[in-house]
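Each residue of the sequence shown is one higher than the last, beginning at 0 in numbering that gives the first Met the number 0.
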Amino acid sequence: MNPIIYDLLALAIGYLLGSIPFGLLLTRLAGTIDLRSVGSGNIGATNVLRTGRKDLAAATLLLDGLKGTAAALIGASLTPEGGMIAGLAAFIGHVAPVWLHFRGGKGVATFLGVLFGLSWPTALIFCAVWLTAAALTRYSSLSALMASAAAPLALLIFGQRGEAFVVAIMTAIVYYRHRDNIARLRAGSETRIGQKA
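Take a look at the structure:
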């Protein structure tokens, strides 16, 4: 079969996996309020937490991460570049799922999941940066921004240039999706971890 077919297959599998809105599905199954009418309206774990269900938020975080990892691993089994293609597609699928009129989450959990599929040492660096920034600043958004920026740099250090390029694209999207958070951080009005909005 033509290698391009495998690349397209990796792209399709990645996007379809990434576009599964676990946060929305879990909250619907639990009979809570429509997630899109809460807080930011995003479908990610942070917004699920605003429903008051920590268990559902934790499950959403895990599943959103796992779909990124699964996409990257499945893609890598199809073609040498498939892991990067499927990983990026899964991330975009989460951020812009076709089923929800392209209105998804901010992608941080899926970003981390993709990293575990492409380079687990880089994923651990992401976690370390996030945890350190969160402990020092108590800003979840700033921690995500710093950790996502560190990821492509770490990949370059590890000599994974292709992966670094793909993850840099993901980082740019994360920054765009956090543009409102960045504005609040500059204004000093961003909510800290544990603080009620």
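Backbone N, C-alpha and C define an ideal beta-carbon position, used for all residues, glycine too.
I think residue i touches residue j, with their Cβ atoms under 8 Å apart; what is that distance to the nearest whole Å?
| i | j | result |
| --- | --- | --- |
| GLY82 | ASP6 | 11 Å between Cβ atoms; not a contact. |
| THR131 | PRO151 | Incorrect: roughly 18 Å between the Cβ atoms, too far for contact. |
| ALA29 | LEU55 | 6 Å |
| PHE125 | LEU135 | So it is not a contact: roughly 16 Å between Cβ atoms. |
Excluding the 5 residues flanking residue i on each side, which residues of the same chain have their C-beta closer than 7 Å to its C-beta?
| i | result |
| --- | --- |
| GLU189 | TYR138, SER140, ASN180 and ARG183 |
| LEU8 | LEU77 |
| GLN159 | SER118 |
| VAL97 | SER18 |
| LEU154 | SER118, THR121, GLU162, ALA163 and VAL166 |
| PRO2 | THR78 |
| VAL37 | ASN46, ARG49 and THR50 |
| TYR174 | LEU144 |
Which residue comes first and which comes last in the alpha helix (DSSP H) that contains residue i?
| i | result |
| --- | --- |
| ARG160 | 160-176 |
| ASP6 | 2-17 |
| HIS93 | 81-94 |
| PHE21 | 21-28 |
| ILE124 | 119-136 |
| LEU72 | 53-77 |
| ILE156 | 139-156 |
| VAL47 | 44-48 |
Does the distance from the C-beta atom of residue i to that of residue j stay below 8 Å?
| i | j | result |
| --- | --- | --- |
| GLY43 | THR26 | no |
| PHE90 | GLY17 | yes |
| THR50 | ILE32 | yes |
| GLY106 | HIS93 | yes |
| LEU10 | ALA88 | yes |
| LYS63 | GLY112 | The sequence given here places Asp at residue 63; Lys does not occur at that position. Yes, the pair counts as a contact, with Cβ atoms nearer than the cut-off. |
Is residue i near the ligand GTP, judged by its Cβ being under 7 Å from some heavy atom?
| i | result |
| --- | --- |
| PRO79 | Only the bare structure without any ligand can be found here, which leaves the ligand GTP out of the picture. |
Who are the near neighbours of residue i in its chain, counting only those whose CB is closer than 6 Å to its CB and skipping five residues on each side?
| i | result |
| --- | --- |
| LEU23 | LEU34 and ILE42 |
Do you know whose CA, among the options, lies nearest residue i's CA?
| i | options | result |
| --- | --- | --- |
| ILE84 | LEU155, GLY106 and GLY67 | GLY67 |
| GLY104 | PHE115, PHE21 and GLN159 | PHE21 |
| ARG176 | ALA153, ARG102, GLY64 and THR78 | ARG102 |
| ILE12 | ARG178, TRP98, GLY86 and ARG160 | GLY86 |
| VAL165 | PHE110, LEU65, LEU123 and ALA69 | PHE110 |
| LEU15 | VAL47, LEU99 and ALA57 | LEU99 |
| LEU61 | ALA69, ALA108 and ARG185 | ALA108 |
Which residues in the same chain have their Cβ closer than 8 Å to the Cβ of residue i, if we skip the five residues on either side of it in sequence?
| i | result |
| --- | --- |
| PHE157 | SER118, PRO120 and THR121 |
| VAL128 | SER142, MET145, ALA146 and ALA149 |
| ILE172 | PHE90, ILE91, VAL94 and GLY106 |
| ILE192 | ALA133, ARG137, TYR138 and SER139 |
| ARG52 | THR26, ALA29 and THR31 |
| ALA57 | ALA44 |
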